[in-house]
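Protein chains in written order, with my numbering: chain B, 4 to 483; chain G, 37 to 454.
In this text, a Cβ means the ideal position worked out from N, Cα and C, and glycines have one as well.
What follows is a short report on a single structure.
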């Protein structure tokens with residue numbers, strides 16, 4: 004599907020002909036994000052220069068009836084940046100300046116296209132720290148992180164992106180520009196609109212500037228890798244560490260399938276007989292860190308760890324961390340298609356969930372590797388399959404359906420950090436219930452009456468509106 | 037992660053200019069959503085420098101170099117627009133497999149450099165009338181006297197090296213002279229032979245060696261590359277040497293792929309695989325087999341630039357640095373973005389001059405930043421590109437191959453002068 008010539012001309016006028024791309028090779032390459040199996044080319048790719056242009060584009064979208072899909076680096080895993088029918092992609096990577104780092108106030112104004120790892124480097128040079136560290140941090144951008152409320156390995160101790168967004172400047176779907184929050188560390192004036200927008204998956208606003216909150220850089224970090232003969236014992240170790248009132252910065256788990264894939268890829272020198280690996284990091288004051296690291300080592304050994312390795316240098320720590328960071332890509336080498344999800348459960352239910360995933364995968368005859376943030380219950384069951392084999396995909400999807408159901412039954416969620424996007428839309432009502440979905444639709448209808456901004460993401464259109472194409476004015480009627 | 041490692045993505049921040057997007061386009065062609073002779077597809081495939089930094093960065097082991105070559109092969113077979121122009125691509129692809137023609141070309145170039153090339157008005161006029169030809173000529177370093185067979189002896193024995201102590205040869209290695217290297221940097225081959233002989237290796241340099249075929253394969257002419265592979269495999273077998281030592285990163289990397297290149301060939305498949313198993317970069321060989329410590333201290337500051345086909349292609353990064361570290365008194369400083377392509381990329385600096393220039397400037401800036409007097413790199417293409425970039429800013433910084441630095445550190449008189 005395309006947009007009208009008048010809309011195209013309008014876009015070129017609102018920005019510049021050079022920044023409105025309609026060549027086939029551009030439409031094809033912006034048709035997908037990192038979500039496997041889903042793809043749809045946009046009608047155009049537009050590179051706005053500033054907030055005024057973004058506002059003009061959104062107003063035009065309302066007038067000319069096309070949809071707008073904002074995009075950072077396209078590393079999302081739920082389809083948030085996949086173009087919808089009759090849509091344009093709004094590209095932000097060129098907005099990559101860190102405008103200001105305010106050391107005294109512990110904040111930084113950043114443009115949405117700043118790469119997360121670049122932000123880490125810049126603030127760490129000032130003795131500060133931006134904790135959220137998604138797996139794709141060397142590629143992903145802050146704008147996308149805010150839209151998805153991205154997590155990361157350091158989430159257990161430090162929290163997620165939402166905890167570090169102190170201010171936002173955004174353009175609403177109807178073209179109004181708003182500034183929310185600011186440098187005051189506490190602010191309860193009016194409704195918490197900023198918190199509504201963080202994690203809205205590009206459906207309620209387009210971010211043009213983000214004020215991130217920074218904390219002091221931890222003085223010392225200690226990294227340990229502990230190997231266990233069974234996933235259950237590893238789960239017990241996780242519980243024991245937390246029960247000992249230690250809050251590690253990172254507490255990650257990898258199952259046998261995953262750790263063998265990592266070993267094959269990186270030659271870590273892991274001993275035989277391991278069925279689970281824990282990556283644990285503590286950071287903070289040197290004395291506390293040493294004590295905690297020591298305690299963690301003892302706990303793991305007491306619970307039967309086959310091997311506990313403590314990094315003695317930053318280089319070694321990087322090596323150990325990379326064992327976990329390479330988990331997904333190491334698994335991805337095992338088959339043509341790797342489908343990664345992030346079903347999350349209350350952390351006490353992690354051992355139970357691991358057992359259920361194992362049982363479900365065996366029953367459906369699909370291979371799963373499981374790794375994730377054991378400390379906060381955010382697991383990443385990863386299915387290794389082949390997108391060209393229709394039958395295998397059907398089985399994989401059936402397995403995931405059961406996994407999501409299991410997570411919900413255990414009091415958890417279908418998505419801890421990747422977002423609902425397109426990939427998990429059909430499970431949303433099952434988890435949050437119809438009243439909550441109705442509430443979401445009402446908010447959407449108020450902010451975006453013509454459904455121009457990333458329509459069809461997070462929740463499906465209501466049951467009465469099967470026929471009007473997304474972005475069509477009738478869509479709004481049907482949603483009312 | 038490939039995106040931050042990709043030089044063309046840094047130049048053109050669009051998906052079609054990074055590995056992820058290029059693979060996306062290849063998939064689109066495979067699905068029939070994009071025609072294989074679509075000029076956009078060809079352009080995207082040829083905008084890539086082929087440095088394979090993405091392979092080094094890819095934790096999933098995607099063999100992008102392979103995919104790119106296959107894509108270019110089908111693009112060439114389809115023969116549509118969007119591919120690099122005929123000049124000077126076809127001229128080079130025709131000339132490089134023929135040593136006689138290379139020598140003739142080099143002689144003409146040398147003559148030009150000593151006559152018309154010195155006249156500013158002529159150079160400016162050429163730049164206006166034939167910018168592509170002007171670029172080719174501007175890139176070329178000063179061409180030395182050619183002489184017969186590039187003035188390399190047929191073989192060099194440890195006993196031929198004065199001061200080597202006449203040791204018994206440890207073994208026999210064959211040295212491949214490269215194609216342009218022999219014409220433009222014959223001293224690199226001479227230095228390589230001397231350094232090897234000094235370290236007790238008998239070096240044979242059979243005349244039957246030909247262009248390795250890398251450029252042909254990288255320009256989508258796989259059949260032509262296969263022909264050259266067969267010639268080189270046969271020449272190596274006939275030489276009686278145990279190993280093939282390469283001093284040109286691009287060639288060395290391609291020799292290692294001969295096995296894959298000819299794997300479907302019933303007669304040559306196994307022979308090519310055996311050949312590929314015996315190829316080694318000269319620095320790898322010296323460090324792996326043990327080399328004599330140079331005694332002469334050099335009090336200069338140098339920096340090392342990683343040729344893409346050595347670090348990403350052959351995965352050799354430590355050996356050349358160890359060679360430099362073995363030279364007493366040498367102040368080796370690290371080069372920022374040393375693994376970043378200089379823009380030579382085979383004939384990329386001729387087919388994509390603007391992009392190559394931007395990459396060159398980035399590289400030259402980093403080189404100047406180091407404060408080094410000398411930049412060391414083990415590939416003729418890189419040496420040409422970096423030298424041209426340094427000339428453009430009137431820099432006194434010199435460019436040398438690691439073996440040339442080593443030969444000087446061994447205090448061996450050069451086999452011949454330029």
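Could you check what DSSP says for residue i in three-state terms: helix, strand or coil?
i: residue 58 of chain G; result: helix
i: residue 245 of chain G; result: coil
i: residue 484 of chain B; result: Because chain B spans 4 through 483 in this model, residue 484 of chain B falls outside it and cannot be assessed.
i: residue 354 of chain B; result: helix
i: residue 96 of chain G; result: coil
i: residue 447 of chain G; result: coil
i: residue 130 of chain G; result: helix
i: residue 28 of chain B; result: helix
i: residue 253 of chain B; result: strand
i: residue 122 of chain G; result: helix
Could you give the residue range of the beta strand (DSSP E) that holds residue i?
i: residue 212 of chain B; result: 209 to 216
i: residue 384 of chain B; result: 381 to 388
i: residue 281 of chain B; result: 279 to 287
Please decide whether residue i counts as near chain G, where near means a Cβ-Cβ distance under 9 angstroms.
i: residue 332 of chain B; result: yes
i: residue 234 of chain B; result: no
i: residue 483 of chain B; result: Reliability of the predicted coordinates at residue 483 of chain B is poor, the pLDDT of 36 falling under 50, and no value is obtained from them.
i: residue 27 of chain B; result: yes
i: residue 77 of chain B; result: yes
i: residue 32 of chain B; result: yes
i: residue 46 of chain B; result: no
i: residue 118 of chain B; result: yes
i: residue 35 of chain B; result: yes
i: residue 24 of chain B; result: yes
What residue range is occupied by the uninterrupted alpha helix (DSSP H) comprising residue i?
i: residue 73 of chain B; result: Not the alpha helix (DSSP H): residue 73 of chain B falls in the beta strand (DSSP E), residues 70 to 74.
i: residue 324 of chain B; result: 317 to 328
i: residue 237 of chain B; result: 234 to 246
i: residue 308 of chain G; result: 305 to 313
i: residue 323 of chain G; result: 318 to 325
i: residue 227 of chain G; result: 222 to 234
i: residue 328 of chain G; result: Premise fails: residue 328 of chain G is in no alpha helix (DSSP H) and is neither H nor E.
Work out the CA separation of residue j and residue i for me, nearest whole Å.
i: residue 343 of chain G; j: residue 425 of chain B; result: 43 angstroms
i: residue 123 of chain B; j: residue 329 of chain B; result: 19 angstroms
i: residue 57 of chain B; j: residue 175 of chain B; result: 10 angstroms
i: residue 178 of chain B; j: residue 452 of chain B; result: 12 angstroms
i: residue 476 of chain B; j: residue 168 of chain G; result: Unreliable positioning characterises residue 476 of chain B in this predicted model, as indicated by a pLDDT of 41, which lies under 50. A coordinate reading is not provided.
i: residue 315 of chain B; j: residue 250 of chain B; result: 21 angstroms
i: residue 85 of chain G; j: residue 283 of chain G; result: 21 angstroms
i: residue 249 of chain G; j: residue 138 of chain G; result: 15 angstroms
i: residue 379 of chain B; j: residue 241 of chain B; result: 10 angstroms
i: residue 428 of chain B; j: residue 284 of chain B; result: 34 angstroms
i: residue 350 of chain G; j: residue 109 of chain B; result: 46 angstroms
i: residue 134 of chain G; j: residue 216 of chain G; result: 11 angstroms
i: residue 194 of chain G; j: residue 205 of chain G; result: 6 angstroms
Would a check of beta-carbon distances place residue i closer than 9 angstroms to chain B?
i: residue 320 of chain G; result: no
i: residue 259 of chain G; result: no
i: residue 386 of chain G; result: no
i: residue 90 of chain G; result: no
i: residue 37 of chain G; result: yes
i: residue 287 of chain G; result: no
i: residue 97 of chain G; result: yes
i: residue 80 of chain G; result: yes
i: residue 370 of chain G; result: no
i: residue 418 of chain G; result: no
i: residue 120 of chain G; result: no
Chain B contacts made by the stretch 59 to 77 of chain G, where a contact means CB separation under 8 angstroms:
60, 61, 64, 69, 70, 74, 76, 77
Along the stretch 95 to 106 of chain B, what residues have a CB closer than 7 angstroms to any CB found in chain G?
96, 97
Short of 7 angstroms Cβ to Cβ, which residues in the stretch 334 to 351 of chain B face chain G?
335, 336
Going along the chain, which residues of the stretch 46 to 57 of chain G sit with their C-beta nearer than 7 angstroms to a C-beta in chain B?
49, 50, 51, 52, 57
Contact list for the stretch 132 to 160 of chain B against chain G, Cβ threshold 8 angstroms:
139, 141, 142
Quick one, which residues of the stretch 260 to 290 of chain B are near chain G if we go by CB-CB under 9 angstroms, in chain order?
268, 269
Closer than 7 angstroms, Cβ to any Cβ of chain G: which residues of the stretch 312 to 331 of chain B, in chain order?
329
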